[in-house]
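Residues -22 to -1, 1 to 50 in mature numbering (1 follows the signal peptide of the UniProt record, and there is no 0) are what the sequence shown spells out, letter by letter. Using N, Cα and C, we set each Cβ at its ideal position, and we do this for glycine too. The structure presented is a predicted model; accordingly, all values stated were derived computationally and were not measured. Just below is one structure, and these are the notes that go with it.
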Amino acid sequence: MPALRFLALLASLLATSRVGLATLADIVGGRRAQPQEFPFLASIQKQGRPFCAGALVHPRFVLTAASCFRGK
């Protein structure tokens, strides 16, 4: 049983260590979107620089991740 717990812990550590690496890579095969191509998406910006994105769920409301504003 201790060996099984160790393997589970090791697997979870390896799986979560890859999460940080994904943010360092560019999007493969991607392209810049044209204006009005995705009218349901919102760019959330600070001083003219985008830092997060969201989806328009109502003409007055944008749904985004809590991490966009956590600690700000």
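Anyone know if the C-beta pair for residue 18 and residue 31 falls short of 8 Å? Walking along the sequence shown from the start, residue 18 turns up at place 40. Walking along the sequence shown from the start, residue 31 turns up at place 53. Not closer than 8 Å, so no.
For residue 22 versus residue 28, is the C-beta distance shorter than 8 Å? Working through the sequence shown from its first residue, we reach residue 22 at position 44. Working through the sequence shown from its first residue, we reach residue 28 at position 50. Yes, the pair counts as a contact, with Cβ atoms nearer than the cut-off.
Taking the alpha carbon of residue 41 as the reference point, which residue from 25, 15, 20 and 8 has its own alpha carbon closest? What you label residue 41 is simply residue 63 of the sequence shown in a count that begins at 1. It is 20 whose Cα lies nearest to the Cα of residue 41.
So within the stretch 2 to 45, which uninterrupted beta strand (DSSP E) runs reach at least 3 residues, ignoring any that extend past its ends? 19 to 24, 27 to 36 and 39 to 41
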